[in-house]
Amino acid sequence: NPRCTLRNTCTMWRSLLHLSLLLSLALAAEDFYKLLGISRSATTKEIKKAYRQASLKWHPDKNQEEGAAEKFASINRAYEVLSDEEKRKIYDRHGEEGLKQHEAREAGGGGGGFDPFEQFFNFGGRSQRGNQEQRTPNVDVPLELTLEQMYSGATFEVTYIRQVLCLKWEMCMKNNPECQGPGIRVKRQQIAPGFVQQVQQHDDRCVARGKMWLNNCSECPSKTESEKIDLTIDVVKGIRNSEAITFEEVADEKPGYKAGDLNFVVVEKAHPEYHREGDNLYKTMEIPLVDALTGFSLTLKQLDGVEFSITIDDIIECDEVLRVPGKGMPRRNGRGFGDLFITFEVDFPDALTADQKKKLREVLGSSKGGSGSSEL
Numbered sequence: 508n509p510r511c512t513l514r515n516t517c518t519m520w521r522s523l524l525h526l527s528l529l530l531s532l533a534l535a536a537e538d539f540y541k542l543l544g545i546s547r548s549a550t551t552k553e554i555k556k557a558y559r560q561a562s563l564k565w566h567p568d569k570n571q572e573e574g575a576a577e578k579f580a581s582i583n584r585a586y587e588v589l590s591d592e593e594k595r596k597i598y599d600r601h602g603e604e605g606l607k608q609h610e611a612r613e614a615g616g617g618g619g620g621f622d623p624f625e626q627f628f629n630f631g632g633r634s635q636r637g638n639q640e641q642r643t644p645n646v647d648v649p650l651e652l653t654l655e656q657m658y659s660g661a662t663f664e665v666t667y668i669r670q671v672l673c674l675k676w677e678m679c680m681k682n683n684p685e686c687q688g689p690g691i692r693v694k695r696q697q698i699a700p701g702f703v704q705q706v707q708q709h710d711d712r713c714v715a716r717g718k719m720w721l722n723n724c725s726e727c728p729s730k731t732e733s734e735k736i737d738l739t740i741d742v743v744k745g746i747r748n749s750e751a752i753t754f755e756e757v758a759d760e761k762p763g764y765k766a767g768d769l770n771f772v773v774v775e776k777a778h779p780e781y782h783r784e785g786d787n788l789y790k791t792m793e794i795p796l797v798d799a800l801t802g803f804s805l806t807l808k809q810l811d812g813v814e815f816s817i818t819i820d821d822i823i824e825c826d827e828v829l830r831v832p833g834k835g836m837p838r839r840n841g842r843g844f845g846d847l848f849i850t851f852e853v854d855f856p857d858a859l860t861a862d863q864k865k866k867l868r869e870v871l872g873s874s875k876g877g878s879g880s881s882e883l
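Residue numbers (my numbering): 508 to 883.
Following this line, the structure appears as structure tokens:
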């Protein structure tokens, strides 16, 4: 029968295409795991640990190799996907292309996941769009730095103690459709035939959508436990006061929540000689009257200890400001330095002898309109 033969042929090609797509998607799904150097069965802790190591290795501020910035961006993208349970499931099943289409649907307000076979065979359905994941509070830690450290850059090794989910925390959860998110429980009550009222309540046992925590669970009695993690703080040259050095998702963990960020916030220590505004440095110097009138040379020290000299031949007025180009702080973009501004305060003598006054009049001349004796 020709129709039967055609139907069988179509079914065969359809199956082959289906298998081909599955194979290509499975291969694509391995890329993010390889980027982080982990297996497809890696736990959340293993993913975070691998991400921290890879991001430190390929951070553009530390790694000057060609392509380091692109590698760093790829590592961040891989962690963004694999640390999100929903995105990871979509990626494992449909690959990066499927995930992109899912994200495009989410951004455009469309609901549901992505099925790559729907466009070929009109398969699959739509799933309801989930709520955005909540985060635990960010933690801000002051990081005091000297102006020298902000000029030259610095590296600190620190140990941070935080709360993380215990190893078997997932065994302490049960399904409960009334849980609509962390701390949110929605009950349905029939108030009349055909009429149902929804009542939202606060319930700490709800830790995620559809998940409730089991009280007195022996596998994880306190939900979290203390963990010590070693962190490397890289202070880049030219960093500014109040700027934050951020470790993403290193704050405390909590069931149903994504960990917040740990921020080391720069606090600039007062300096005995310089003060800073943006990329410029400012300094005040006192000079004797003779130098202000006759000129002088100065040897100054940069914040990295390198000495430089300036020579002034002109007369310096009191509170005059001299700009020295390129002797300020390093610019954050790596393109040169700011400027140094020196304010001169002229130190006048407390008294002059008669002979000194006479010699000054001979050199400078008497003031117009009188002997000028009252001025001295």
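Built from N, CA and C at the ideal position, the CB exists for glycine as well. Because the structure is a prediction, the values reported are computed rather than measured.
Cα-Cα separation between residue i and residue j, rounded to whole angstroms
i    : j    : result
L810 : S816 : 14 Å
G833 : N840 : 15 Å
D846 : F771 : 28 Å
E487 : C727 : This structure cannot settle anything about residue 487, because the visible part of the chain is limited to 508 through 883.
R716 : N723 : 21 Å
T731 : M719 : 16 Å
Y558 : A777 : 36 Å
V870 : Q863 : 11 Å
T818 : A861 : 32 Å
G690 : E577 : 39 Å
A766 : L542 : 22 Å
E734 : I668 : 6 Å
V714 : G688 : 6 Å
S531 : E587 : For S531, the predicted model reports a pLDDT of 47, less than 50, meaning its position is unreliable; a value from the coordinates is still stated below. Cα to Cα, the separation comes out at about 22 Å.
L606 : G544 : 21 Å
A699 : C686 : 24 Å
I746 : D711 : 41 Å
K556 : A575 : 20 Å
V853 : K569 : 46 Å
R830 : P779 : 20 Å
A661 : R842 : 19 Å
Cβ-based burial, residue i [other Cβ within 10 Å; buried from 16]
i    : result
F851 : buried
Q656 : buried
T666 : exposed
K596 : exposed
I822 : exposed
F579 : buried
N567 : Going by the sequence as given, residue 567 is Pro instead of Asn. P567 is exposed by the Cβ-count criterion.
L769 : buried
E573 : exposed
V703 : exposed
T643 : buried
K865 : exposed
P762 : buried
C825 : exposed
A758 : buried
D820 : exposed
G835 : buried
E750 : buried
D737 : exposed
K675 : exposed
A799 : buried
P649 : exposed
M680 : buried
H609 : buried
Which of helix, strand or coil DSSP assigns to residue i
i    : result
H566 : coil
V870 : helix
L738 : strand
K865 : helix
Q585 : Reading off the sequence, residue 585 comes out as Ala, not Gln. Helix, per DSSP.
I545 : coil
G785 : coil
H601 : helix
L800 : helix
D857 : coil
E577 : helix
T791 : strand
K834 : coil
A561 : helix
Q571 : coil
T551 : helix
A715 : strand
A894 : With the chain running from 508 to 883 in the structure shown, residue 894 is simply not present.
K556 : helix
Residue i Cβ short of 8 Å to the ligand FAD heavy atom set
i    : result
N583 : By its list of ligands, the structure shown contains no ligand whatsoever, and the ligand FAD lies outside what it can speak to.
Assumed close pair residue i, residue j - CB separation to whole angstroms, cut-off 8 Å
i    : j    : result
V774 : E651 : 5 Å
S590 : T551 : 7 Å
E593 : D538 : The pair is not a contact, with the Cβ atoms about 19 Å apart (cut-off 8 Å).
E760 : Q641 : In fact, because the Cβ distance is near 12 Å, the residues do not count as touching under 8 Å.
Legend entry - Contiguous alpha helix (DSSP H) assignments of at least 4 residues, all confined to the segment 748-772: none
Inset, instruction - Just list the alpha helix (DSSP H) runs in the segment 642-696, keeping only unbroken ones of 4 residues or longer that don't cross its boundaries, in chain order. - result: 654-659
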